Amino acid sequence: MKTIRIGTRGSKLALAQAEIVISLMKNIKADLDIEIQEIHTTGDRLVDVSLDEIGGKGLFVKDIEMHLLKGDIDVAVHSLKDMPTEIPEGLDLAAFVKRDDPRDML
């Protein structure tokens, strides 16, 4: 069986979200072989520059989308808040996980 490669950022939140996706996938098919590939995005590397100055929130997904289009990964896991309004040609938003309670920030 082919290993499913999930690409995501290396932040604690992104890795936790990827683990949730893996758990949901394995609930459907327990014997899936899945690995996480951490991808360091432009948004991660440019920590001392305002996002508005360097291209906005899309900077956290563009590098991961590039890896997806090249076939380096099979699935990308993003926070929806980081997604641009237009999806690149050749990609789809294929699934959404259930939203947690937004009040947890309080």
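Reading the sequence shown from the start, the letters are residues 55 to 160 in the working numbering. All C-beta atoms, glycine included, are put in the ideal place defined by N, C-alpha and C. Computed from a prediction, not measured in an experiment: that's the story for all the values here.
Any idea what DSSP makes of residue 58, helix, strand or coil? strand
Report yes or no: do three or more beta-carbon pairs, one from the segment 81–94 and one from the segment 63–73, lie closer than 8 Å? With the cut-off at 8 Å, the segment 81–94 and the segment 63–73 touch.
Where does residue 68 sit, in a helix, a strand or coil, going by DSSP? Here residue 68 sits in helix by DSSP.
By a C-beta neighbour count over all protein chains shown, 10 Å radius and 16 as the cutoff for buried, is residue 122 buried or exposed? buried
Looking only at its own chain, which residues have a Cβ that is under 6 Å from the Cβ of residue 97, when we skip the five neighbours before and after it? Within the same chain, and ignoring the five residues on either side of residue 97 in sequence, the residues whose Cβ sits closer than 6 Å to its Cβ are 113 and 114.
Does the separation of the CB atoms of residue 72 and residue 151 fall below 8 Å? no
Give the secondary structure of residue 75 by DSSP, where H, G and I count as helix, E and B as strand, and everything else as coil. helix
Kindly indicate which three-state DSSP category residue 141 falls into: helix, strand or coil? The answer is coil: DSSP assigns residue 141 none of H, G, I, E or B.
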